[in-house]
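Colleague:
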Amino acid sequence: MAGVSFLSTLPSLRLRPHSPQSSLAFAAPEISSGVVCCYRRAEDAGEADERCVYHRRDVLRCVGAVVGMGHPDLVPSILTLALNDAMTYDKATKSGGPNGSIRLSAELGRPENSGLSAALDLLVEAKKGIDTYSKGGPISFADLIQYAAQAAIKKTFLDSAIQKCGGKEDKGTLLYTAYGSNGQWGLFDKQFGRKDAEAPDPEGRIPQWNKASVQEMKAKFTTIGLGPRQLAVMSAFLGPDQLATENLLSSDPEVRPWVEKYQRSRETISQTDYEVDLITTLTKLSSLGQKIDYEAYTYPVKKIELKA
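For the sequence shown, my numbering begins at 215 and goes up steadily by one.
1) If we require 4 or more residues per run, which alpha helix (DSSP H) segments fall completely within the stretch 428-483?
2) Which value, in whole angstroms, describes the spacing of the CA atoms of Ile353 and Asp345?
3) As a quick exercise: from Ile359, Gln485 and Met431, pick the residue whose alpha carbon is nearest that of Lys409.
4) Using only the alpha-carbon positions, how far apart do Pro467 and Arg443 sit?
5) Would you call the CB atoms of Tyr303 and Leu502 closer than 9 Å?
6) Note the first and the last residue of the continuous alpha helix (DSSP H) segment covering Tyr347.
7) Tell me, please, which residues DSSP counts as bridged to Asp304.
8) Can you list, in chain order, the residues of its chain with a C-beta nearer than 6 Å to that of Phe355? Leave out the 5 residues immediately preceding and following it.
9) Taking Gly407 and Ala510 to be in contact with their CB atoms under 8 Å, please state how far apart those CB atoms are, rounded to whole angstroms.
10) Do the CB positions of Thr497 and Val447 come within less than 9 Å of each other?
11) Which term fits Leu336, buried or exposed, when burial requires 16 or more other beta carbons within 10 angstroms of its beta carbon?
12) Return the chain-ordered list of same chain residues with a C-beta closer than 7 Å to the C-beta of Glu417, the five sequence neighbours on each side being excluded.
13) Which of the three DSSP states is assigned to Ser395 in this structure?
14) Verify whether the separation of the beta carbon atoms of Ile493 and Ser374 is less than 9 Å.
15) Give me the Cα-Cα distance between Gly380 and Asp357, rounded to the nearest whole angstrom.
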């Protein structure tokens, strides 16, 4: 099966194998109960700080470790899982969206979600690890699915930078940190606190991407307020072979200029245009129709009385 590529010169999106010395986000998380599960340590909380919050970085470490250590082949499915969970949003009724409903068998078993069960199973395992250490309660699937997509995207961006530095991990990490898009995730990271739906979203809201025409894809993106530009930049989310998807999208005169723009961007050192536009689009998709509970995963901490 052909692989998906974020670089037109790269054969696949398969992630670089993790090395024991690696300090990347996909390294196995070192989690100590009561320390990293808080946004700040209890002893650091002052009188005005009576609550701690599960740190987003720790979610990414857990998800990244599970995806990166032996399961890079599931990255395309994780991306589609996140897209399809979000694309059920209906603007007229303001229903659906990234609410975790895709985890429900009645929705996961639909034709458009064929082949995504293994990716969901992987996230179920990641969730067990996260929930074990979370003092603020279990993470929602709605959050986890979107954060898994982010973890996969960030890792591929980083791997691209490493490849452009001749495989030198330290230089690639520096390139991505200094000139890449890592600092563009701020708004996405704030959208932590989605609630899981208890019932599947209505059928018929998502096309089968591998069978849909470009016109059908454009029409679906239009219904949620996106256009040809966003369709082009999300090409890696539409199936396991990004280049084949882009070849199809290029047959449409409205989408072709954007496909070509992002292909050129992926050939540059920082691939800024591609990365920034992808982050912007994913950020919008990941919040469609959702009321974010910014207090999610918080919990009270015991004040420490300091004796004089």
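Virtual Cβ for every residue (Gly too), placed ideally from N, Cα, C.
Modeller: Straight from the coordinates:
1) 428-437, 442-447, 456-463 and 470-480
2) Position 139 of the sequence shown, counting from 1, holds the residue named residue 353. Position 131 of the sequence shown, counting from 1, holds the residue named residue 345. Distance between the alpha carbons of Ile353 and Asp345: 6 Å.
3) Taking the first residue of the sequence shown as 1, we reach residue 409 at position 195. The residue with the shortest Cα to Cα distance from Lys409 is Ile359.
4) By one-based count along the sequence shown, residue 467 stands at place 253. By one-based count along the sequence shown, residue 443 stands at place 229. Taking the straight line joining both Cα atoms gives about 12 Å.
5) Residue 303 sits at position 89 when you count from the first residue of the sequence shown. Residue 502 sits at position 288 when you count from the first residue of the sequence shown. Their beta carbons are under 9 Å apart, which means Tyr303 touches Leu502 by this criterion.
6) Locating residue 347 in the sequence shown gives position 133, where the first residue counts as 1. Per DSSP, Tyr347 belongs to the alpha helix (DSSP H) from Ser331 to Tyr347.
7) Translated into positions along the sequence shown, residue 304 becomes position 90. Its beta-bridge partners are Ser309.
8) Here residue 355 refers to the residue found at position 141 when the sequence shown is read from its first residue. Cβ neighbours of Phe355 beyond the five flanking positions: Gly314, Arg317 and Asp410.
9) Taking the sequence shown and counting its residues from 1, the one referred to as residue 407 is at position 193. Taking the sequence shown and counting its residues from 1, the one referred to as residue 510 is at position 296. Contact holds; Cβ gap of about 3 Å.
10) Translated into the one-based positions of the sequence shown, residue 497 becomes position 283. Translated into the one-based positions of the sequence shown, residue 447 becomes position 233. No, these two residues do not count as a Cβ contact at 9 Å.
11) What you label residue 336 is simply residue 122 of the sequence shown in a count that begins at 1. Flag for Leu336 reads buried.
12) Counted from its first residue, the sequence shown places residue 417 at position 203. Hits under 7 Å: Arg324.
13) In the sequence shown, residue 395 corresponds to position 181, counting from 1. Ser395: coil per DSSP, three-state reduction.
14) To locate residue 493, count along the sequence shown from 1; it is residue 279. To locate residue 374, count along the sequence shown from 1; it is residue 160. No.
15) Stepping through the sequence shown from its first residue, residue 380 is reached at position 166. Stepping through the sequence shown from its first residue, residue 357 is reached at position 143. One C-alpha to the other measures close to 35 Å.
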